[in-house]
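J.: Read top to bottom, the protein sequences are chains A and B. Heads up: the first sequence begins at 1 in our numbering, then just goes up one per residue. Heads up: the second sequence begins at 1 in our numbering, then just goes up one per residue. For every residue, glycine included, the Cβ atom is placed at its ideal position computed from N, Cα and C. Right, I'll just put the structure down here and ask away after.
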Amino acid sequence: MNPFARRLRFKALSAKGMSAGEMLARADILVEDLRAEFEALKARKLSEIADLAAALRGGDRLDLPRLEKLHGLVHDLKGQGGTFGYPALSEVGAHFSAFLSYLLADAAAQRRPLHIVTDALDAHVVALTAAGNAARDGVPAGNTKLVQELCELADRFRRSAQA
Amino acid sequence: MHSFKAMSVLVVDDNEFLSRITAQICHAFGFGTVLTARSAEGALKTLTSADVDFVICDYQMAPTDGVDFARRIRAAKADYRFVPIIMLTAFTQLSKVIAARDAGVTEFVAKPVSPKALLDKLISVIDNPRPFVTDEHFVGPDRRRRKGEPRDVERRTGERGKE
Numbered sequence: 001m002n003p004f005a006r007r008l009r010f011k012a013l014s015a016k017g018m019s020a021g022e023m024l025a026r027a028d029i030l031v032e033d034l035r036a037e038f039e040a041l042k043a044r045k046l047s048e049i050a051d052l053a054a055a056l057r058g059g060d061r062l063d064l065p066r067l068e069k070l071h072g073l074v075h076d077l078k079g080q081g082g083t084f085g086y087p088a089l090s091e092v093g094a095h096f097s098a099f100l101s102y103l104l105a106d107a108a109a110q111r112r113p114l115h116i117v118t119d120a121l122d123a124h125v126v127a128l129t130a131a132g133n134a135a136r137d138g139v140p141a142g143n144t145k146l147v148q149e150l151c152e153l154a155d156r157f158r159r160s161a162q163a
Numbered sequence: 001m002h003s004f005k006a007m008s009v010l011v012v013d014d015n016e017f018l019s020r021i022t023a024q025i026c027h028a029f030g031f032g033t034v035l036t037a038r039s040a041e042g043a044l045k046t047l048t049s050a051d052v053d054f055v056i057c058d059y060q061m062a063p064t065d066g067v068d069f070a071r072r073i074r075a076a077k078a079d080y081r082f083v084p085i086i087m088l089t090a091f092t093q094l095s096k097v098i099a100a101r102d103a104g105v106t107e108f109v110a111k112p113v114s115p116k117a118l119l120d121k122l123i124s125v126i127d128n129p130r131p132f133v134t135d136e137h138f139v140g141p142d143r144r145r146r147k148g149e150p151r152d153v154e155r156r157t158g159e160r161g162k163e
């Protein structure tokens, strides 16, 4: 055992501890305190995401800086949703984020007609909004029609971009 | 029964809200000191001036991401190079997990973060420390786990063959 690990072990045993159950109960209380803040933040971010997706329809080519901003917002929601009882938001967010990563990295995808790209983005926004507005502590979206449709849409898009 | 009362943790996340969630969870676990940094650069400064027992960092940060941050910790000529690094990540791609592990990350917690998952990893680091390897190719906790230890990352490693 390296000296650092030994010191860690020593510290862990040198004070009266709590049981894991007590620690988790305390964590639940503190996370609950942040929940109201998350609800407001979620509403604001979903609205920003919808606005950004709508703005991408303007212009004659894909606005990559705007797309990156959209990716950042979706990535944040994906990371926070599950912690606050919205597993579907995290799951749909993961699919949306993966699609945006692909769009940002793939030149062929970026050259697709703008309306095709924005239609695909809109479908993701609709799904994300539905997941965000779903009742808290809902079941994960895995294998539901919503996620399945998103996967099929992204697959179709990729295939057509490669063609 | 564990105690974190005599320990300090440094939470590194460029997302202010996620950083607060993680810090609150650490407070709930009873950490004596909870430090936060919004960037890898800020965190490295803290590590040089404070006695830190755990680093919890996000994978995706800017301008320096979590992998580079871990690499810089392990390359330091100071005692803090031994500090356990727990990485929070929404990335599930094998290549990303391997990159982080090869940079010297000790444990991973998948996003969305649950208090239980984080607590399990903290306790695992204390109770089952891995030998610390320092050679010309790698600095960090031994990437091979011993019998009986969790195999989540190694199972993925196995997919690409033996090392």
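Rounding to the nearest angstrom, what Cα-Cα distance links L122/B and F108/B in this structure?
T.: Spanning the two alpha carbons is a distance of roughly 10 angstroms.
J.: Can you tell me the Cα-Cα spacing of E149/A and V117/A, whole angstroms?
T.: Using only the alpha carbons, I get a separation of about 16 angstroms.
J.: Taking the alpha helix (DSSP H) that L118/B falls in, what are its first and last residues?
T.: It spans 115 to 127 - the alpha helix (DSSP H) in which L118/B sits, taken as one unbroken run.
J.: Taking only beta carbons into account, state which residues of the segment 107 to 132 of chain B come closer than 9 angstroms to chain A, listed in chain order.
T.: Residues passing the 9 angstroms Cβ filter: K111, P112, V113, S114, P115, K116, L118, L119, D120, I123, V125, I126, D127, P129, R130, P131, F132.
J.: Please go through the same chain and pick out, in chain order, the residues whose beta-carbon is closer than 7 angstroms to the beta-carbon of R143/B, but skip the five residues on each side of it.
T.: Answer for R143/B: R101, listed in chain order.
J.: Quick one: grab the DSSP three-state call for F132/B.
T.: The answer is strand: DSSP assigns F132/B an E or B state.
J.: At the level of alpha carbons, what is the spacing between L30/A and G21/A?
T.: Using only the alpha carbons, I get a separation of about 14 angstroms.
J.: Alpha carbon to alpha carbon, how far is P87/A from Q93/B?
T.: Whole-angstrom Cα-Cα distance: 20 angstroms.
J.: Excluding the 5 residues preceding and the 5 following G37/B in the sequence, name in chain order all residues of the same chain whose CB lies nearer than 7 angstroms to its CB.
T.: Rather than Gly, the amino acid found at residue 37/B in this sequence is Ala. Correct list, in chain order: L10, V12, A43, T46.
J.: Answer yes or no: does any C-beta atom of chain A fall closer than 7 angstroms to that of Q24/B?
T.: At least one chain A Cβ lies under 7 angstroms of Q24/B.
J.: Go to A37/B, then tell me how far its beta strand (DSSP E) extends in each direction, as first and last residue.
T.: Note, A37/B: beta strand (DSSP E), 33 to 37.
J.: H137/B CB to nearest chain A CB: under 7 angstroms?
T.: H137/B does not count as touching chain A.
J.: Mind checking which residues open and close the alpha helix (DSSP H) that includes G81/A?
T.: 64 to 81 is the span of the alpha helix (DSSP H), which, as asked, contains G81/A.
J.: So, with DSSP's three-state summary, where would you put F4/B?
T.: Three-state result, F4/B: coil.
J.: Just to confirm the assignment, what range does the alpha helix (DSSP H) spanning G104/B have?
T.: Taken as a continuous stretch (DSSP letters only), G104/B belongs to no alpha helix (DSSP H), as it is neither H nor E.
J.: Taking only the alpha-carbon atoms, compute the straight-line gap between E159/B and A163/A and give it to the nearest angstrom.
T.: The pLDDT assigned to E159/B is 36, lower than 50, so where the model puts this residue is not dependable, and the model offers no usable value.
J.: If we ignore side chains and look at the alpha-carbon of each, how far apart do P3/A and Q110/A end up?
T.: Going from the Cα of P3/A to the Cα of Q110/A covers about 52 angstroms.
J.: Along the beta strand (DSSP E) that carries M87/B, what are the first and last residues, could you check?
T.: Taken as a continuous stretch (DSSP letters only), the beta strand (DSSP E) holding M87/B covers 85 to 89.
J.: Please go through the same chain and pick out, in chain order, the residues whose beta-carbon is closer than 7 angstroms to the beta-carbon of K162/B, but skip the five residues on each side of it.
T.: Legend: pLDDT at K162/B = 32, less than 50; position of this residue unreliable, no value from coordinates given.
J.: Within the 7 angstroms Cβ cut-off, does F31/B reach chain A?
T.: No, F31/B lies away from the interface with chain A (no Cβ there is under 7 angstroms from its Cβ).
J.: Near H27/B, which residues of its chain fall below 8 angstroms by C-beta distance, leaving aside the five closest residues on each side in sequence?
T.: Once the five neighbours on either side are set aside, the close Cβ partners of H27/B are V34.
J.: So is S14/A in contact with chain D if we call contact Cβ pairs under 7 angstroms?
T.: Considering every chain present, this structure includes no chain D. Its protein chains are A and B.
J.: Along chain B, in chain order, which residues have C-beta atoms closer than 9 angstroms to that of S57/A?
T.: Note that residue 57/A is Arg in the sequence shown here, rather than Ser. Those do not exist, as R57/A stays about 27 angstroms from chain B at its closest Cβ, beyond 9 angstroms.
J.: Based on Cα-Cα distance, which residue from S90/A, F96/A, S160/A, L73/A lies nearest to P113/A?
T.: Taking only the C-alpha atoms, the option nearest P113/A is S160/A.
J.: For chain A, find out if any of its Cβ atoms is closer than 7 angstroms to the Cβ of M1/B; answer yes or no.
T.: Answer yes: the Cβ-Cβ gap between M1/B and chain A drops below 7 angstroms somewhere.
J.: Taking the continuous alpha helix (DSSP H) assigned at G93/A, which residues delimit it?
T.: 87 to 105 is the span of the alpha helix (DSSP H), which, as asked, contains G93/A.
J.: Against chain A, with Cβ distances strictly below 7 angstroms, would L18/B count as a contact?
T.: Cβ-Cβ to chain A under 7 angstroms: yes for L18/B.
J.: For my contact list, I86/B and F54/B are in at a C-beta cut-off of 8 angstroms; report their separation, rounded to the angstrom.
T.: Indeed they touch by this definition, with Cβ atoms about 7 angstroms apart.
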